[in-house]
Amino acid sequence: MSYDIVIVGGGIVGLATGLKLQSKRPNLKIAILEKEDQLAKHQTGNNSGVIHSGLYYKPGSLKATNCINGYHELVKFCQEEKIPFEITGKVVVATREEQKPLLKTLFERGLQNGLTGTRYITLEELKVYEPHCAGVAAIHVPQTGIVDYYQVALAYGRKIIQQGGEIFLNHKVLKISTKEGLNYIETSNKTFKSKLVINCAGLYSDKIAQMSESEKIDVKIIPFRGEYYKLKSDREYLVKNLIYPVPDPNFPFLGVHFTRMKKGGVEAGPNAVLAFRREGYKKSQINLFELGETLAWPGFQKVAAKYWQTGFGELYRSFSKSAFTKALQELIPEIQESDLVEGGAGVRAQACDRTGGLLDDFAIRETANAINVLNAPSPAATSSLSIGGTVADLAITRFD
Numbered sequence: 003m004s005y006d007i008v009i010v011g012g013g014i015v016g017l018a019t020g021l022k023l024q025s026k027r028p029n030l031k032i033a034i035l036e037k038e039d040q041l042a043k044h045q046t047g048n049n050s051g052v053i054h055s056g057l058y059y060k061p062g063s064l065k066a067t068n069c070i071n072g073y074h075e076l077v078k079f080c081q082e083e084k085i086p087f088e089i090t091g092k093v094v095v096a097t098r099e100e101q102k103p104l105l106k107t108l109f110e111r112g113l114q115n116g117l118t119g120t121r122y123i124t125l126e127e128l129k130v131y132e133p134h135c136a137g138v139a140a141i142h143v144p145q146t147g148i149v150d151y152y153q154v155a156l157a158y159g160r161k162i163i164q165q166g167g168e169i170f171l172n173h174k175v176l177k178i179s180t181k182e183g184l185n186y187i188e189t190s191n192k193t194f195k196s197k198l199v200i201n202c203a204g205l206y207s208d209k210i211a212q213m214s215e216s217e218k219i220d221v222k223i224i225p226f227r228g229e230y231y232k233l234k235s236d237r238e239y240l241v242k243n244l245i246y247p248v249p250d251p252n253f254p255f256l257g258v259h260f261t262r263m264k265k266g267g268v269e270a271g272p273n274a275v276l277a278f279r280r281e282g283y284k285k286s287q288i289n290l291f292e293l294g295e296t297l298a299w300p301g302f303q304k305v306a307a308k309y310w311q312t313g314f315g316e317l318y319r320s321f322s323k324s325a326f327t328k329a330l331q332e333l334i335p336e337i338q339e340s341d342l343v344e345g346g347a348g349v350r351a352q353a354c355d356r357t358g359g360l361l362d363d364f365a366i367r368e369t370a371n372a373i374n375v376l377n378a379p380s381p382a383a384t385s386s387l388s389i390g391g392t393v394a395d396l397a398i399t400r401f402d
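Just so you know, the sequence shown maps onto residues 3 to 402 in the working numbering.
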């Protein structure tokens, strides 16, 4: 099984990378390996479905440039492939006076990132956009939208196969070795040979990177579970589109918010709690080895020591529906516990460096035989075609 490029990971970033490679260099022989029996099962399949505008990200960062470019590419792709989506706009709301300076910073960042039409709105205008929302100040971002990213990922996969690429499901990568400049990728089914490995393995990207590198990498994936509630159908009228709080600048999370889903329903959440296994979508799912690795990582220990109060607050909300409801009531005071039913959960692959930094930007690391996408959390789905193009360009230079 010999290929020019083997991509590890059949999520939205791996698929977008394969699609971009095929469009740029159709002569290259490409294979995508996915350990599950379906594509996009993890971060992509549990995504809240928001088309992000690029509001939150530092101007000039990989997140900012890829999100803004990816936004336009994604919208065009959905139009061409007839994938349902909506550009709904959203409001970002300060609920306390002390959040106003942070909202101002966010607003200015949006303007720097080219979000024309983003503006402060009066509290009367807020009631027009979201009649049941409360706050002391708000901005409106017209570019934000909603889509089902699972359907987007499947469309990427269909086009890859139509254009001659190959996708192998149920192929978990067990070992990568290098001999005479070639990679030998041993999976649970067979061994593949390639000139280049592109690692888009998400929650296991650090593990795959370690397989292809002789030196230890300096980041570890820390899994954070985001749990959602859903509004009961007779209370969905409380949310017209998307309502976001002002995020805590110390964390790469956006806080609990309300999202009208393209596939139906309204989600409320998520929180951000440490998952006890990398694919731990439920509190009961524990992998002692993976949990031990997380707790032993010096970077995580520093994060925990500095932000333990915030962490316990998130954990408390995970077990207390009333505490979760209270957080939601800051944005919509009418929300009651009885309005909420348990929703799904996703696990975010958050890279943490050895010094205790939770990586805020996308991170792509190149080695002699591999390109490793080591940090690609939200807004990676929105940015997928742009990230895929960036990684594809890095790969193509090796074949030039």
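We put the CB at the ideal spot given by N, CA and C, even for glycine.
Might you give, ordered along the chain, the residues of its own chain that have their beta carbon closer than 6 Å to the beta carbon of residue 170, omitting 5 neighbours on each side?
Along the sequence shown, read from residue 1 onward, the residue named residue 170 stands at position 168. Cβ neighbours of residue 170 beyond the five flanking positions: 35.
Sort out for me which residues DSSP pairs residue 355 with in a bridge.
Looking up residue 355 in the sequence shown gives position 353. Residue 355 is bridged to 221.
Quick check on the DSSP output: the beta strand (DSSP E) that includes residue 253 runs from which residue to which?
By one-based count along the sequence shown, residue 253 stands at place 251. Element bounds for residue 253: n/a, residue is neither H nor E.
Nearest residue (CA-CA) to residue 193, options 5, 387, 391
Mapped onto the sequence shown, residue 193 falls at position 191. Considering only alpha carbons, the answer is 5.
Let me know the secondary structure DSSP gives residue 201 once reduced to three states.
Position 199 of the sequence shown, counting from 1, holds the residue named residue 201. If DSSP states are grouped into helix, strand and coil, residue 201 belongs with the strands.
If I follow the unbroken alpha helix (DSSP H) through residue 327, where does it start and stop?
Here residue 327 refers to the residue found at position 325 when the sequence shown is read from its first residue. Per DSSP, residue 327 belongs to the alpha helix (DSSP H) from 323 to 331.
Which complete alpha helix (DSSP H) runs does the segment 365 to 389 hold, if anything under 4 residues is left out?
none
Return the chain-ordered list of same chain residues with a C-beta closer than 6 Å to the C-beta of residue 37, the five sequence neighbours on each side being excluded.
Residue 37 sits at position 35 when you count from the first residue of the sequence shown. Cβ within range, chain order: 174.
Would you say the segment 326 to 346 touches the segment 204 to 221, given that touching needs at least three Cβ pairs under 8 Å?
no
How far does the alpha helix (DSSP H) with residue 278 in it reach, from first residue to last?
Against the sequence shown, residue 278 aligns to sequence position 276. Residue 278 -> no alpha helix (DSSP H), and no H or E assigned at all.
Roughly how many whole angstroms lie between the Cα atoms of residue 298 and residue 96?
For the purposes of this step, residue 298 is taken as residue 296 along the sequence shown, with counting starting at 1. For the purposes of this step, residue 96 is taken as residue 94 along the sequence shown, with counting starting at 1. When rounded, the distance between both Cα atoms is 37 Å.
Stretch pair the segment 154 to 168 + the segment 121 to 140: three plus CB contacts closer than 8 Å:
no
Kindly indicate which three-state DSSP category residue 120 falls into: helix, strand or coil?
As a first step, residue 120 must be located in the sequence shown, where it is residue number 118. In this structure, residue 120 counts as coil in the three-state DSSP scheme.
Looking at the structure shown, is residue 180 part of a helix, part of a strand, or coil, going by DSSP?
Stepping through the sequence shown from its first residue, residue 180 is reached at position 178. Three-state result, residue 180: strand.
Residue range of the beta strand (DSSP E) that includes residue 6:
As a first step, residue 6 must be located in the sequence shown, where it is residue number 4. Per DSSP, residue 6 belongs to the beta strand (DSSP E) from 4 to 10.
Could you name the residues of the same chain whose beta carbon sits closer than 7 Å to that of residue 394, not counting the 5 residues immediately before and after it, in chain order?
What you label residue 394 is simply residue 392 of the sequence shown in a count that begins at 1. Here the set comprises 19, 22, 23, 26.
Alpha-carbon spacing of residue 272 relative to residue 73, whole angstroms:
Locating residue 272 in the sequence shown gives position 270, where the first residue counts as 1. Locating residue 73 in the sequence shown gives position 71, where the first residue counts as 1. In a straight line, the C-alpha of residue 272 is about 22 Å away from that of residue 73.
Who pairs with residue 347 in a beta bridge, going by DSSP?
The sequence position of residue 347 within the sequence shown is 345, counting from 1. Answer by DSSP bridge pairing, in chain order: 229.
Check this for me: beta carbons of residue 111 and residue 226, under 8 Å apart or not?
As a working note, residue 111 is residue 109 in the sequence shown. As a working note, residue 226 is residue 224 in the sequence shown. Against a cut-off of 8 Å, the Cβ pair of residue 226 and residue 111 comes out as no contact.
Using a Cβ-Cβ cutoff of less than 7 Å, which residues in the same chain neighbour residue 151 once the five nearest sequence positions on both sides are dropped?
One-based indexing of the sequence shown puts residue 151 at position 149. Answer for residue 151: 14, 46, 49, 51, 383, listed in chain order.
Rounded distance between the beta-carbons of residue 375 and residue 185, thought under 8 Å:
Along the sequence shown, one-based indexing puts residue 185 at 183. Along the sequence shown, one-based indexing puts residue 375 at 373. With a Cβ gap of about 16 Å, residue 185 and residue 375 do not count as contacting.
One question on the structure: do residue 240 and residue 275 come within less than 8 Å of each other, judged by their Cβ atoms?
For the purposes of this step, residue 240 is identified with residue 238 of the sequence shown, where counting begins at 1. For the purposes of this step, residue 275 is identified with residue 273 of the sequence shown, where counting begins at 1. Not in contact: residue 240 and residue 275 (Cβ atoms no closer than 8 Å).
Let's see if you can read the secondary structure: which residues bound the beta strand (DSSP E) around residue 107?
In the sequence shown, counting from the first residue as 1, residue 107 sits at position 105. Segment 102 to 114 is the alpha helix (DSSP H) holding residue 107; no beta strand (DSSP E) there.
Range of the contiguous alpha helix (DSSP H) that encloses residue 130
For the purposes of this step, residue 130 is taken as residue 128 along the sequence shown, with counting starting at 1. Start and end: 125 to 131.
Measure from the alpha carbon of residue 1 to the alpha carbon of each residue in 278, 101, 301, then state which is nearest.
Because the chain in this structure spans residues 3 to 402, residue 1 falls outside the shown range and cannot be described.
Of the listed residues 379, 238, 270, nearest to residue 224 (C-alpha basis)
Position 222 of the sequence shown holds residue 224. Of 379, 238, 270, the residue nearest in Cα terms is 379.
Indicate the three-state DSSP secondary structure (helix, strand or coil) for residue 159 in the structure shown.
By 1-based counting over the sequence shown, the position of residue 159 is 157. Residue state, collapsed to three classes: helix.
Going by C-alpha to C-alpha distance, which of 143, 363, 337 sits closest to residue 236?
As a first step, residue 236 is located in the sequence shown; it is residue number 234 there, counting from the start. Minimum Cα distance to residue 236 is reached at 337.
One question on the structure: do residue 116 and residue 53 come within less than 8 Å of each other, judged by their Cβ atoms?
Within the sequence shown, the letter at position 114 stands for residue 116. Within the sequence shown, the letter at position 51 stands for residue 53. Not in contact: residue 116 and residue 53 (Cβ atoms no closer than 8 Å).
Below 8 Å on the Cβ atoms is my guess for residue 229 versus residue 320; work out the distance and round it to an integer in Å.
The residue labelled residue 229 in the question sits at position 227 within the sequence shown. The residue labelled residue 320 in the question sits at position 318 within the sequence shown. 6 Å between Cβ atoms; contact.
Helix, strand or coil for residue 336, going by three-state DSSP, please let me know.
On the sequence shown, position 334 is the one that residue 336 refers to. Residue 336: coil per DSSP, three-state reduction.
Helix or strand or just coil, what does DSSP make of residue 94?
Within the sequence shown, residue 94 is the residue found at index 92, counting from 1. Assignment of residue 94 by DSSP, reduced to helix, strand and coil, places it in the strand class.
Report, in whole angstroms, the separation of the C-beta atoms of residue 211 and residue 356, which I expect to be a contact under 8 Å.
Translated into positions along the sequence shown, residue 211 becomes position 209. Translated into positions along the sequence shown, residue 356 becomes position 354. That pair is no contact at about 15 Å.
On the DSSP letters alone, give me the boundaries of the beta strand (DSSP E) that residue 35 sits inside.
For this step, residue 35 is matched to residue 33 along the sequence shown. Per DSSP, residue 35 belongs to the beta strand (DSSP E) from 32 to 35.
Range of the contiguous alpha helix (DSSP H) that encloses residue 143:
By one-based count along the sequence shown, residue 143 stands at place 141. Premise fails: residue 143 lies in the beta strand (DSSP E), 139 to 143, not in any alpha helix (DSSP H).
By a C-beta neighbour count over all protein chains shown, 10 Å radius and 16 as the cutoff for buried, is residue 232 buried or exposed?
One-based indexing of the sequence shown puts residue 232 at position 230. When all chains shown are included, residue 232 counts as buried.
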